[in-house]
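> Here it is: the structure, laid out below.
Structure (structure tokens):
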């Protein structure tokens with residue numbers, strides 16, 4: 831499956847911030863395989879209750895994370 835806009839953004843931010851899949855998964859309280867599925871586009875939208883963990887791990891605001899989701903999925 832093709833990577834989504836959110837998956838592309840997430841992968842880029844992880845690289846920029848030096849955050850591994852395992853670190854992001856731990857911060858969000860999800861399995862690393864789930865993070866990989868989000869990046870690859872197999873999961874289009876992470877659960878709302880996990881977005882805050884992504885924001886914390888990446889050092890960005892929750893709103894910044896939400897803005898990366900397609901408008902139809904916000």
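Residue numbers (our numbering): 831 to 904.
Where a beta carbon is used, it is the ideal one built from N, C-alpha and C, also for glycine.
Keep in mind the model is a prediction, meaning the values are calculated, not measured.
State the DSSP-derived secondary structure class of residue 860, mapped to helix, strand or coil.
coil
> Label residue 832 either buried or exposed according to how many other C-beta atoms from any shown protein chain fall within 10 Å of its C-beta, with 16 as the threshold for buried.
exposed
> Tell me the DSSP secondary structure of residue 847 in three-state form.
helix
> Report all residues from its chain with a CB closer than 7 Å to the CB of residue 861; omit the five preceding and five following residues, and keep chain order.
855
> Give every residue of the same chain whose Cβ lies closer than 6 Å to the Cβ of residue 857, excluding the five residues on either side of it in the sequence, and list them in chain order.
883, 886 and 887
> Return the chain-ordered list of same chain residues with a C-beta closer than 8 Å to the C-beta of residue 839, the five sequence neighbours on each side being excluded.
898
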